[in-house]
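Numbering (the working numbering), first residue to last: 49 to 220. Okay, structure first, notes after.
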């Protein structure tokens, strides 16, 4: 019952625009899938801001900022390897939303996707898009995290000492 009250309060805050949602994402040489996915993110009314970090892709991603004024792009040159925690933490620092939705560059959202229906989250927790004990997502959405900005900051974001992709190697 307490979780339901917290969830109802969050949904009310979002609808009253007392709270904003930022998408963060990172890619290296995944511009083509991102160019499709980012359009679905931009069409979602619940998403206020999209921050993606291009980690030295060979193909330019600059054109993606023209899709929507919601989109902010950061290009980091001269990186040989993709270490997902670093660009995600950079995207977080640039983002401004009260809630952070981390999406993989190839995740396509239904334009009517409702975070508050999909993730049972309150202001003290986070939800991951995996099916496993303790996770609160109704359907698997791989590579997805929905978290309160303050909680992300409290744990220091993604552990940058882990190499590779955060959803495989671990997070926070």
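Note that CB positions come from ideal geometry on N, CA and C, so glycine has one too.
Using 8 Å as the threshold, is the C-beta distance between residue i and residue j below it?
i	j	result
residue 78	residue 153	yes
residue 147	residue 76	no
residue 69	residue 149	yes
residue 159	residue 91	yes
According to DSSP, residue i sits in a beta bridge with which residue or residues?
i	result
residue 149	71 and 194
residue 100	73 and 121
On the CB-based measure, 16 or more other CB atoms within 10 Å of its CB, does residue i come out buried or exposed?
i	result
residue 133	buried
residue 84	exposed
residue 109	buried
residue 200	buried
residue 203	exposed
residue 117	exposed
residue 96	buried
Do you know how far the Cα of residue j is from the Cα of residue i?
i	j	result
residue 137	residue 205	6 Å
residue 122	residue 196	22 Å
residue 93	residue 162	9 Å
residue 102	residue 198	25 Å
residue 124	residue 113	16 Å
residue 208	residue 141	14 Å
residue 80	residue 105	11 Å
residue 210	residue 131	8 Å
residue 192	residue 151	5 Å
residue 179	residue 194	Any reading at residue 179 must be qualified, since the residue scores a pLDDT of 42, below 50, and its modelled position is unreliable; the value itself is stated next. Roughly 14 Å between the two C-alpha positions.
residue 72	residue 120	10 Å
residue 139	residue 87	18 Å
residue 111	residue 126	20 Å
residue 74	residue 156	14 Å
The alpha helix (DSSP H) with residue i in it runs from where to where?
i	result
residue 141	133 to 142
residue 82	79 to 91
Shorter than 7 Å, the distance from the beta carbon of residue i to the closest heavy atom of the ligand GTP, or not?
i	result
residue 145	Among the components of this structure there are no ligands whatsoever, and the ligand GTP is therefore not found.
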